[in-house]
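J.:
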Amino acid sequence: MENNSPIIQLENISAAYGSKTVLHDISLQLCQHHFLGIAGPNGGGKTTLLKLILGLMFPKTGTISFFRNGQVCDHLPMGYLPQQTTFDHSFPITVKDVVLSGALSRRHHLMAYNSTEQDYAHSLLEKVDLGNKSNCLIGQLSGGERQRALLARALMCQPEVLILDEPNTFFDIKARAWMLQELKEIQKKCAIIMVSHDLRDLFSVSDNIAYIHRHLHLYKTSDTSINQLEEDILHSNCLQREKHFH
């Protein structure tokens with residue numbers, strides 16, 4: 124999907140937890156309606172990169188800029204599906220109310236949800252095949268159903284960027300295929316950033332794949348093959364191990 128207008132730009136970003144640097148000199152941009160896949164080993168900095176983009180932490184060095192219609196802006200509406208979300212299964216909140224709570228980031232008040240918001244939440248639940256579970260308690264859903272409800276919640280704010288951290292957790296093969304197909308539809312309305320350990324899933328949907336292991340290696344999927352990508356990443360990991368042991 125061709126659109127070269129950047130909406131997020133990271134320049135020379137480094138990030139650390141205390142004295143431990145987890146990202147070093149990362150430069151990256153995300154364009155409108157583009158799908159960016161993020162891969163890398165555990166502890167390589169993938170989730171840290173998401174936190175930086177979401178504004179949940181600040182970089183040690185470098186800048187993060189946001190753009191709308193070619194102009195710098197303070198922020199963009201973002202939907203976020205985190206890697207792990209814990210629920211008190213006894214908490215009496217319905218599936219629909221969980222989805223509606225995703226609208227809070229775009230509201231300036233805490234009044235009751237209006238009919239437009241209610242209708243949109245219902246349409247999202249239908250989209251993720253949970254329309255018949257709208258009034259169920261969230262704790263009554265299976266792990267995969269909860270993940271779909273949380274995807275609907277992330278879409279409730281009508282994001283310009285949708286960020287997903289391992290969204291296929293709890294999904295079987297059929298549900299994973301559904302998720303990937305659904306994300307390609309969602310991409311028509313917003314840019315997507317998705318972290319996954321499954322390179323083949325990422326390759327099937329992404330315009331670019333950022334391999335993060337403290338440093339960044341960026342691959343354009345139209346210019347490489349999945350086999351070449353896997354070989355390059357294996358070689359990169361071997362070099363990292365050699366540096367560690369010397």
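Residues in the sequence shown are numbered from 124 upward in steps of one, following this note's numbering.
Ideal Cβ positions, reconstructed from N, Cα and C, are used throughout, including at glycine.
(1) I'd like the list of long-range same chain contacts for S213, defined as Cβ closer than 7 Å, with 5 residues on each side in sequence excluded.
(2) Check T144 in the structure and name its three-state DSSP category.
(3) CA-CA distance, G141 and G168?
(4) Exposed or buried, what is T271 when buried is set at 16 or more other beta-carbons lying within 10 Å of its beta-carbon?
(5) Is the Cβ-Cβ distance between P70 and D288 less than 8 Å?
(6) Please classify E249 as buried or exposed, where buried requires at least 16 neighbouring CB atoms within 10 angstroms.
(7) Report the three-state DSSP secondary structure of M302 (helix, strand or coil).
(8) Could you name the residues of the same chain whose beta carbon sits closer than 7 Å to that of L303, not counting the 5 residues immediately before and after it, in chain order?
(9) Please classify S238: does DSSP put it in a helix, a strand, or coil?
(10) Return the residue from the list L274, G267, C280 and S128 that minimises the CA-CA distance to D295.
(11) Kindly indicate which residue of K307, L153 and T217 has the alpha-carbon position closest to the one of R276.
(12) Return the CA-CA distance between D148 and L227, expressed in angstroms with no decimal places.
(13) Grab the span of the beta strand (DSSP E) containing R337 for me, first residue to last.
(14) Distance check for Q155 and E134, CA to CA, integer angstroms please.
(15) Measure how close the beta-carbons of A333 and L179 come, nearest whole angstrom, since I'm counting them as under 8 Å.
(16) Using 8 Å as the Cβ pair cut-off and three pairs as the minimum, do the segment 185-204 and the segment 239-247 touch?
T.: Here's the rundown:
(1) G262
(2) strand
(3) 14 Å
(4) Looking at the sequence itself, residue 271 is Arg, so the reference to Thr does not match. Buried.
(5) Residue 70 is absent from the structure shown; the chain starts at 124 and stops at 369.
(6) exposed
(7) helix
(8) D324, S327 and V328
(9) helix
(10) G267
(11) T217
(12) 34 Å
(13) First-last for R337: undefined, no H or E at that position.
(14) 18 Å
(15) Not quite, the Cβ-Cβ distance comes to about 18 Å (not below 8 Å), so this is no contact.
(16) no
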